[in-house]
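Chemist: Pasting in a structure now, in C-alpha cells, and then I'll have a few things to ask.
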Amino acid sequence: MTISRNDRIADLADALKRMTEDVGEQAVWRVDISTESERYNHINNTTWKELLDCGLVKWFCPGFCQLTTAGWRKGVQLLGWDRGPMLQGKLSKLAATLKDQVKGRHDEAYLYLQQAAQLSGLSEDLICNIVEGRLFEHSFGFKGAKLDTDNTIVIPIDFGMPPL
Numbered sequence: 687m688t689i690s691r692n693d694r695i696a697d698l699a700d701a702l703k704r705m706t707e708d709v710g711e712q713a714v715w716r717v718d719i720s721t722e723s724e725r726y727n728h729i730n731n732t733t734w735k736e737l738l739d740c741g742l743v744k745w746f747c748p749g750f751c752q753l754t755t756a757g758w759r760k761g762v763q764l765l766g767w768d769r770g771p772m773l774q775g776k777l778s779k780l781a782a783t784l785k786d787q788v789k790g791r792h793d794e795a796y797l798y799l800q801q802a803a804q805l806s807g808l809s810e811d812l813i814c815n816i817v818e819g820r821l822f823e824h825s826f827g828f829k830g831a832k833l834d835t836d837n838t839i840v841i842p843i844d845f846g847m848p849p850l
C-alpha cells in the first residue's frame, strides 16, 4: 500500500514533535528514543528512513535512535516553541550573553560552554542544542555562533546581525 505524500508529511511531523517533547531541554545525545515503544509504534517504517535520510535522526543500535540537533530544531519549530514566550526568553538571554562577548571587539570571541551557562542561567544542554541546531539562524534569521569540539562557543564578530 502506498502512503500519500500528505500522510507521510504528517507522520514525519508527528514523530519529530514527539521526539522533541521527549528531549525537551536535554542535549539530544542524552535521550535514546525507542522506535518500538508504545509512543512511537504507530510511526511508519518509511518515516524513520526519511528522518534518517534527512539527517534529523541517527541510529545507534536496532530499534533506537536519537534526534540530531537539526531534528530537534525542526521539532521545536513544528511545536511552535521558538515563537513561545518561554523559549524566546531563554534565546534572548543567550543572545545577550553571546553578544556581550563581541561588543567592542574586532575579532570573533570565545566562551566556554560552562561559562555561557553560568552567565545566561541556561543549562549547558540547552545551549548545545540551540547553538548546534542553529536555532538563531533558522528561527530568527540572524547570524549565530558555533560550538567547537572542545566545548568552546565561537562567536563571530557579526553575531546577531541579519545576513545581507
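Just so you know, we're using this note's numbering here: the sequence shown kicks off at 687 and counts up by one.
All C-beta atoms in this analysis are idealised placements derived from N, C-alpha and C, irrespective of residue type, glycine included.
1) With contact counted as at least three CB pairs below 8 Å, one residue from each stretch, are the segment 800-811 and the segment 703-721 in contact?
2) Go ahead and pull the three-state DSSP assignment for Val717.
3) For Leu698 and Glu724, which I take to be in contact (beta-carbon distance under 8 Å), what is that distance rounded to the nearest angstrom?
4) In the structure shown, what three-state DSSP assignment does Leu833 receive?
5) From Lys785 to Ile695, what distance separates their C-alpha atoms?
6) Answer yes if the segment 752-768 comes into contact with the segment 811-826, meaning at least three C-beta pairs across the two stretches below 8 Å, and no otherwise.
7) Give me the DSSP bridge partner(s) of Trp767.
8) Where does Leu821 sit, in a helix, a strand or coil, going by DSSP?
9) Taking just the CA atoms, how far does Gly846 sit from Thr781?
10) Per DSSP, what kind of secondary structure is Lys789 in: helix, strand or coil?
11) Taking the DSSP output, what are the residues bridged to Phe826?
12) Count Cβ pairs between the segment 830-846 and the segment 785-795 that sit closer than 8 Å; are there 3 or more?
13) Identify every residue that forms a DSSP beta bridge with Gln840.
Modeler: Judging by the given coordinates:
1) yes
2) coil
3) Contact check for Leu698 and Glu724: beta-carbon distance about 19 Å, past the 8 Å limit, so the pair fails to qualify.
4) DSSP places Leu833 in strand when its eight states are reduced to three.
5) 37 Å
6) They touch, by the three-pair rule.
7) DSSP, once it has assigned bridges, lists no residue as partnering Trp767.
8) The answer is helix: DSSP assigns Leu821 an H, G or I state.
9) Note that residue 781 corresponds to Ala in the displayed sequence, not to Thr. Approximately 7 Å between the Cα atoms of the pair.
10) coil
11) DSSP output for Phe826 lists no bridge partner at all.
12) Because the criterion of three Cβ pairs below 8 Å is met, the segment 830-846 and the segment 785-795 touch.
13) Note on residue identity: the sequence assigns Val, not Gln, to residue 840. Its beta-bridge partners are Tyr796 and Lys832.
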